[in-house]
Structure formats: structure tokens, C-alpha cells
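One rule links them: number in our numbering = place in the sequence shown (from 1) + 598. Just so it is clear, CB atoms sit at the ideal spot from N, CA and C, and this is done for glycine as well. If you're wondering where the values come from, they're calculated on a predicted model, not measured in any experiment.
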Amino acid sequence: MCFRVLDVDCVAIGDPYHKELFDAIGQRERISFYENRLTPEKERSTEFWLEEAQRYVKKRVTGSFNSQKAKNIILFLGDGMSIATITAARILKGQRQGCSGEESVLTFEKFPFTGLVKTYCTNGQTPDSACTATAYLCGVKTNVMMLGVNANVQNNNCSDSMNREHQIDSIVRWAQKAGKSTGLVTTTTITHASPSAGYAHVANRLWECDNDVNTMGAIIGPGEECKDIAQQLVTSEPGKNLNVILGGGMGKFLPNHTVDEFGVKGERRDGLDLIDHWHSNNPEGIFVKNLEELEQVDFNETKQLLGLFHSSHLEYYSKAKVERPKQPRLKDMTKAAIKTLEKNSEGYFVFIEGGRIDHGHHETKAAYALDETLEFDEAIQTALDLTDDRETLIVVTSDHSHTMTISGYPSRGNPILGLNERDLDSDGVPYSVLNYAIGPQQYMDSSGKRLDLTNFISDNMIFPSYIRALMGTHAGEDVAIFARGPQADLFSEFCLQLIVKMVHPAENTAVAESDNKEGAAKSWRMIKNECGAISEEERKIFAPLRENTNTNCTVKNRLYFLLGQQAGCSVL
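Okay, structure coming up:
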């Protein structure tokens, strides 16, 4: 049964938690909190909300499940895209369109299946982008800072990470073995944590080039070779077999005596020119360095495409459109990747990351983080325009959260990047709608009182934090996942990040196996053993399905899972 969580705009004045509400929330003008002049006219109608609910229920009830294997898979990752980030970006989108904002909807929020994802790592309650990338691209949880290896590997120990017994194959390798084309796209360096789990095996995510390995003091055994991430991408499987590589980080591929396209010296000290090496492996491949060159690519003829558009991370779009107009947007790279990969009759897998959402949050520059989220959303719309949901599974998720919150009691339509226009703190000082738990700026005077932020508001503003630190940190709560296309319903429950990899069509045989008595009995035993006694009512529901091998396998598995949940635990 589905329930929609409707917007709740009232406060229970009579309960003890809202006693003396006027004083508790600050120096708000009493009448303004209750006035309805900011309420859109249509939302004052009871019928409006009932019709909204009916539309939602009708959509869910009449929707169908596509249990076929996906020909293509696109995994969109918004790095650091917390649920609060999604909400704030949605509001910003609407406000930029001249609306109050709260009623706006992001592209991926329209996807039919949604779930929540746990993000912890084997040794961390709050994760980093390396251990999470290993989870969703390799299907195995590991330690913080690790990429493509299991939790037996010690931090910074290259001997451990180069041990094949500790290495984990990724969805990229699976897809290649299945004959599919593969690609990686990001707004960070292509050797950054998130994309690297698709092809690298390292004990330290910071080993992006050989100089990084040396600087970090990697533990290397006698006579052992410690391949950095960039080198693994170009010289080892599955990286060297990638059809599309688009992102930043040219400096990680060039020797330190070479000046790159952007006037910056390379970072490698081993003398290797990995771009030349890529050309040698892909003599017909195309290498591009800016938007103009990317737009000139003949995608019908191109089988391998490498694009490095910055010495380091790509610039934030809000800055790039002024300072670096030749830098492609994420939606440009998304289009290029899909057009290059779609020629393969066996299909493709592509990972596309909005990586600088995370960086905006680390700087506690919420405007950058939200703007990058909207850029990410536009890239998703581009993918929808170019694909058919009958054969392409699109999954949108995040790797971890951030500590940004939407604070206080701002009125409807209050600028999301501004001050709370209707509320002051207990000292009568205005505060921003968005705040961070941890970050570099507290905005306090010498006596410890908060400063008035009125004159600090700008597109480049460092938003205030409760705890002072060098930068904002990740947060440990769950993140959202959205899906559409074949088998997208598998993402509609509460799950671990591991399931993202396990749905890959080359390996997803669990559903098919359950379409027989043996599979049904196995699922029944799993529920009974792990969840204890099943109620008589549940037994009546389940019993006919145990014997009926004609029951749709997807429906069967869904019922097995729901029965397990009703008994008090998950059977995933």
C-alpha cells in the first residue's frame, strides 16, 4: 500500500512543544506568521489538494512494472546530494522561474520508483566518496578512503591493494564482459574517488598520479609496482577498455615538464604521458579539450572518446559560464557519452557524476552546491530525451549527505539563498535559511554574538556554521535513490548501496531463479529463518504462491520481500 506524504503547513499550537510559539521561534511579528497572503490562490482550495492526491494514487495504481533486463544502464550520482540539497535546489529552481519555489519539481523527482539508501562504510558511521563508490560500483562495502578493494586492505598499503584476492570487480568490468560499451563522465577529475571505483584498486583515494603516491608515503613492498589511479585507467583493465572518458584532471596524465592546454604544468614525476599512451591504445580514438572540439565529434563514427576539460576539477558552472565559456556543461558531456555508446547493439553502461555539488558543500557555499544540483538535473533531462525507458534503466542517487539544513520558519517563497525574512534569533539578529552544522565561518563578534548577515548575502557567500572547522563535512544520514526503466522497481525499498551494482543485467539472475518452486521455497526459508514466525494471515497470502509457478516472478519476489518486512526485518 502506498501513502503520499502531503505538505503540512500548520503548527499544533496547543501541544506542549509549541507553547509560547511567538517567543520560542524568535522575534517574529505575530500577525505575519499566520497571514495567508503568501498562499497561492489555487492552494486555498480543498479540491486542489484532493485532486493532487488522486492524481498521484492513480499514477501509482495504473503504473506497470517492466521486469525485462535493461539493455542500457545510466547511473547518475550527485556527489554529496543530500535530501536537504534536493529540497533546496527544487525551491531555487522554482524561484528562478518566478514562482515561490516550494511547488517546483526536479526532473528525477518524477521518476516512478524511489527509495532510501544507507551510506555507512565498514569502518565509518559517516562515509567518504571512496568507500561508497566501491559499494555502488563494486557491490562490496569497504573502508573509508579505499577504492575497488575489500576491507582487508590497510590504509595506504599498496601491497595490500595490489593483491588480487583483495580486489573487487566493478560493474564496468561486468558490462564489458557482457559485450557492452562503457563510459565514465564527471565534473571532477576523472581520477577522483567516485568514478575511480569503476576501474581502480587502491588503498588511498588520493593516489591520483605517481607524485601523489610518493607524497602520501604509500607502503610498497620490495620490487613491487604501485600503479596510481591515472595509470590504472589507461594501462589496466577495465579502464583501458572504456569507450568514453569525460571529465577534468589533465594534470594527472601529463609529466611535470609539459604544459597542458590550460597553461598548467603536469603533475607526473615519472615522465609518463598517459594521453599519448591512450592514443597508442586507441589509434582511432578522439581526444578533446573544450566544448568546441566536443561538438565537432562525429559520434556515428567515434568508438573511443577521451575528453579532459581542465587541469583539475571542472569549474563550477556559475563561474565557468563567465570565466570559462569553452568548458562543456555536464549535459553536453552526457549527450556526447550517450551518442557515442548507443551504437552498440548489446547496450552500454555509463556512470555520470555531478561531482562538484560536494565541493560546494565542503566550502559551505550553498549557492554553488545548489547550482551544481540544477546542472545535474539538466543532464538527467538530456539523458531522458535521448533514451527509451523501455530498454534503458536510469538510476539517480547520491553517495553521502552533507550537514546543510533548511532552518527556522521562513515564509512561503522566502529566497532560499537569503535571510529568513520573517524570523530573528533570540537576540533579534537575522539568520540565513540555509545553515551548516560544521564549516569555516560562524559569523560571530568578539563577544560571541552572531553578526547580522544582511550585508554578507551574495552568490559567493560562505554560509554560517555551528561548529567551526576548516571546511564542511559529510553527514551520515540516508540518501535518496530514484529509478525508471527496466527493473526500476527494485529500487523502491530501503536498501544498501550494494544493490545498485547487483541490478546489472549481466548478473541479475535472482529474479528469474525465483520463478520456480525451488526458488520460491528458498525465499520462504530465508524469510522464516531470518525473521522468525510468520503470522497466519501472511501464511494464507503466501501459500498459494509457493505452488503456483506461473505467478509473475517480479510479483513473487516483491511479496517475499514484503512478507519479510512485515515479520520485522529485511530479507535483501
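The distance from the Cβ of M931 to that of G958 is about 19 Å, inconsistent with a contact at the 8 Å cut-off.
Around the Cβ of H855, a 10 Å sphere holds fewer than 16 other Cβ atoms; the residue is exposed. For D975, the CB contacts under 6 Å within the same chain, skipping 5 residues up- and downstream, are L704, T705 in chain order. DSSP lists Y1034 as the bridge partner or partners of S1063.
For R866, there is no enclosing beta strand (DSSP E), as DSSP gives it neither H nor E. Residue pairing for Y946: DSSP places it in a beta bridge opposite S779. If you compare the alpha carbons of A1078, Q1039, A1086, N1058 with that of A1067, the shortest gap goes to Q1039. Linking P1084 to N812 through their CA atoms gives a straight-line distance of about 45 Å.
The three-state secondary structure of F709, taken from DSSP, is coil. Look at K933 here: in three-state DSSP terms it is helix. Under the three-pair Cβ rule at 8 Å, the stretch 938-946 does not count as touching the stretch 866-880. The beta carbons of E865 and C807 sit about 5 Å from each other, so the pair counts as a contact at 8 Å.
The stretch 784-795 and the stretch 726-738 touch, with no fewer than 3 CB-CB distances between them shorter than 8 Å. In this structure, T785 lies away from L690, with their beta-carbon atoms at least 8 Å apart. Here the alpha carbon of S834 sits roughly 54 Å from the alpha carbon of Y1007. The beta carbon of A798 sits closer than 6 Å to the beta carbons of L745, G746, I827, Q830 from its chain, once the five residues preceding and following it are set aside; these are given in chain order. Within the DSSP bridge table, the entry for S999 names A1073 as partners. Judged by DSSP in its simplified three-state form, K901 adopts coil rather than helix or strand. Annotation: A682 to G1016 spans about 16 Å, alpha carbon to alpha carbon. If one requires a minimum length of 4 residues, the alpha helix (DSSP H) runs lying completely within the stretch 846-880 are 872-879, in chain order. V747 sits in a strand when the DSSP states are folded into three classes.
The continuous beta strand (DSSP E) containing L673 extends over residues 670-676.
With respect to K775, Y946 sits apart: the two C-beta atoms are not nearer than 8 Å.
E951 has L675, T784 as its beta-bridge partners, per DSSP. Following the DSSP letters along the chain, one finds N1018 inside the beta strand (DSSP E) bounded by residues 1017-1022.
Under the criterion of beta carbons closer than 8 Å, I818 and S757 qualify as touching, at roughly 7 Å. Leaving aside the five residues that flank E1075 on each side, the residues in its chain whose CB is nearer than 6 Å to its CB run, in chain order, S999.
Secondary structure note for F885: its beta strand (DSSP E) is the uninterrupted segment 884-886.
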